[in-house]
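What follows is one structure encoded as structure tokens, with my remarks underneath.
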Amino acid sequence: MRKNYNSFLNIFVLLFYSASFTQTNNKWISPVDFPIKLSGTFGEFRNNHFHAGLDIKTQGKEGVKIRSSNSGWVNRIRVSLNGYGKALYVDHLDGTTSVYGHLKKFSPKIESYLKKKQYENETYVIQLFPKVNELKIEKGEVIGYSGNTGGSYGPHLHFEIRKEKGQVPINPMKFSFLIKDSKRPQIQNFYLYTNLGSKLEKKEFKLVRKNDSIYTTSGIISAGNFYVGLRLFDRQDLTYNKNGIYSVKVRSNGVEKFFYKMDRMTFDDSKYINLLIDYKELASKRKRIQLFTLHPEQKLSFIKDNSLKGDINIDKDKSYQILIEINDYNQNTSYIEAYIKGTVKKEDHIQTTYNLIDPVKEHLFEFEDQKVFFPKKSFFSNVNVKIEKKGDTLIVGENIYPLRKSYEVYHKIPKGDSIGISQSFLSFINKNGDATFFSSTIKDGYWYGKSNILGKYIVSRDSVSPEIKKINFKDQQWLSNYKYLKLNISDDFSGIKKIRGEINGRWILLEYEPKNKSLIYDFSDQNFKKPLHKLEILAEDQAGNKTVFKTEFYRKPK
Ligand SMILES: [Zn+2]
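According to this note's numbering, the sequence shown is numbered sequentially starting from 45.
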């Protein structure tokens with residue numbers, strides 16, 4: 045195991061050096077035909093996950109050619125409504141996999157392979173694992189076209205390189221793609237944090253720029269145990285995007301207290317990301333403060349030395365120099381220095397206690413019609429959650445603690461009015477105070493759902509069926525020269541759950557893009573043998589309301 049790992053590393057070291065001597069020797073090529081500009085870096089902090097690749101800008105548009113960075117074969121084709129959207133996974137001889145996400149379309153040979161399977165299985169959303177010899181790929185071959193599918197908000201390519209075994213994402217910067225970066229990381233805010241049970245207490249200290257690379261604070265007087273928090277970003281030369289940094293080192297009087305660098309990660313690391321940020325600050329103010337501390341429950345593959353916990357202990361009357369070093373991948377460095385003088389520790393103040401949840405145990409809270417169940421390990425540490433009923437609303441604390449595992453919410457289904465009940469479901473009240481669909485699953489006479497966020501729940505009802513509208517055609521129209529049929533699908537409340545389209549009673553592939561509510565049918569999917577055709581689309585929302593949309597169109601037979 046260990047040996048394999050090392051030889052694997054050696055391959056990279058070799059690759060890295062040969063590539064930096066001469067560009068033509070580079071084994072990997074850029075997936076795009078223009079200079080790489082990044083809107084996201086490897087290991088960057090995102091909501092509930094570390095970013096596993098590079099986000100490459102695609103000139104603000106969809107449809108640019110995406111090339112395979114190396115030769116190999118397609119190992120996986122995935123089409124999903126969230127995540128990486130339309131994504132391609134190419135395996136290479138050196139034991140790596142390159143991943144291309146949020147594509148608009150695949151190349152014709154991949155697209156026809158995919159469509160065949162989509163029609164066979166009558167589904168748009170699909171995951172396929174072609175055999176090694178089915179879809180061979182040359183280095184530089186166009187494998188698809190950039191898009192904005194899945195969990196993407198603006199056209200870009202999500203590009204990843206993984207070690208195939210274990211699917212471990214590696215920092216793609218190690219493969220020597222040319223990305224101009226001569227700018228140092230920028231520090232926005234500097235905080236010192238103290239842990240008081242489940243409560244974090246922070247204090248901000250104003251930063252002053254001493255010169256281009258060093259930030260400093262005025263003298264700090266403090267006591268006890270704390271660790272550092274920073275708001276920061278890194279910017280490359282050709283873009284204004286605020287991207288993530290590469291490595292961090294915290295020293296106190298020259299002694300290393302905390303260190304990590306983002307060379308590789310595992311998908312499991314993301315389970316602990318909310319311990320490396322001030323969760324409450326992010327949830328309530330959308331401000332992301334990175335914490336340089338290692339929680340006892342945290343297991344992060346990119347932190348190699350678990351004895352460096354980030355704790356800095358300040359003794360009375362002693363002086364401390366805190367030096368923080370922040371690097372981007374191109375070794376541009378920023379430093380923060382802070383001088384702290386120790387004083388006498390004040391007593392911790394007492395918190396109001398509601399329902400203390402100890403993650404070692406399970407906890408059940410019952411009301412007349414509702415139940416809330418926290419399994420063991422729901423949280424990372426003891427938390428104080430106020431669980432109560434206010435009118436029809438079930439309040440399960442506030443979104444200020446990260447969950448480690450989801451908890452269960454139950455609401456008893458009332459008797460009577462069967463239509464009303466069948467259209468009802470549990471809603472979560474979001475940050476703006478709006479009810480959003482949470483769950484319509486029924487279990488033992490309750491609506492039941494699992495949640496990863498503390499907050500409020502009510503029972504809602506949706507009695508309006510989804511709406512489908514024609515976009516680029518009318519009833520009974522001749523569409524012989526049309527390449528696509530375009531429709532719009534929307535639901536007023538609970539959201540679209542199911543869509544099925546048919547032409548003349550046979551399933552058709554409707555590309556559904558939830559972001560712009562579009563449904564698109566590609567006429568090249570079949571040859572029409574007669575002129576008149578019946579299009580029928582069945583849609584269902586999360587509350588079970590159904591719509592049947594029917595229309596007819598003409599097309600010259602081929
Ligand atoms: Zn991405």
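A virtual CB, placed ideally from N, CA and C, is assigned to each residue, including glycine.
With a cut-off of 8 Å, the C-beta of D313 is classified as distant from ligand 1, since no heavy atom of the ligand falls inside that distance.
For secondary structure counted as the beta strand (DSSP E) over 3 or more consecutive residues, the region 232–294 holds these complete runs in sequence order: 243–249, 258–260, 264–266, 268–277. Judged by DSSP secondary structure, K149 falls within the beta strand (DSSP E) whose first and last residues are 140–150.
Considered as a whole, the region 525–558 harbours 528–534, 540–547, 550–552, 555–557 as its complete beta strand (DSSP E) runs of no fewer than 3 residues, in chain order. When beta bridges are read from the DSSP output, V404 appears opposite no residue. S538 and Q171 have their alpha carbons spaced roughly 26 Å apart. Pairing Y528 with F567 gives a Cβ-Cβ distance under 9 Å.
Counting of Cβ neighbours within 10 angstroms places E204 among the buried residues, the total reaching 16 or more.
Between the C-alpha atoms of G127 and Y197 there is a straight-line separation of about 11 Å. Not one heavy atom of ligand 1 sits closer than 8 Å to the Cβ of H455. Sixteen is the threshold: since fewer than 16 other Cβ atoms of the shown chains lie within 10 Å of the Cβ of Q232, the residue is exposed. Within the model, the alpha-carbon separation for Y235 versus K148 is close to 42 Å. DSSP lists H455, I486 as the beta-bridge partner residues of W491. Look at G145: its beta carbon is less than 8 Å from one of the heavy atoms in ligand 1.
Of all residues, those with a beta-carbon under 6 Å from at least one heavy atom of ligand 1 are G84, H95, G97, D99, H202, reported in chain order.
A contact between stretches requires three or more CB pairs, one per stretch, nearer than 8 Å, and the region 557–577 fails this requirement with the region 474–489. Restricting attention to V272, R448, R120, the CA atom closest to the CA of N177 is found in R120. Setting aside the 5 residues that flank it on each side, S151 is surrounded in the same chain by V186, I187, G188, each with a C-beta closer than 6 Å to its C-beta; the list follows chain order. Rounded to the nearest whole angstrom, the CA to CA distance from E245 to F277 is 23 Å.
Following the DSSP letters along the chain, one finds G499 in no alpha helix (DSSP H) but inside the beta strand (DSSP E) bounded by residues 499–505.
DSSP, reduced to helix, strand and coil, places I564 within a strand of the structure shown.
Judged by DSSP in its simplified three-state form, I170 adopts strand.
Contact between the region 395–409 and the region 247–256 is absent: fewer than 3 CB-CB pairs across the two stretches fall below 8 Å. In the three-state reduction of the DSSP assignment, E410 falls in the strand class, which pools E and B.
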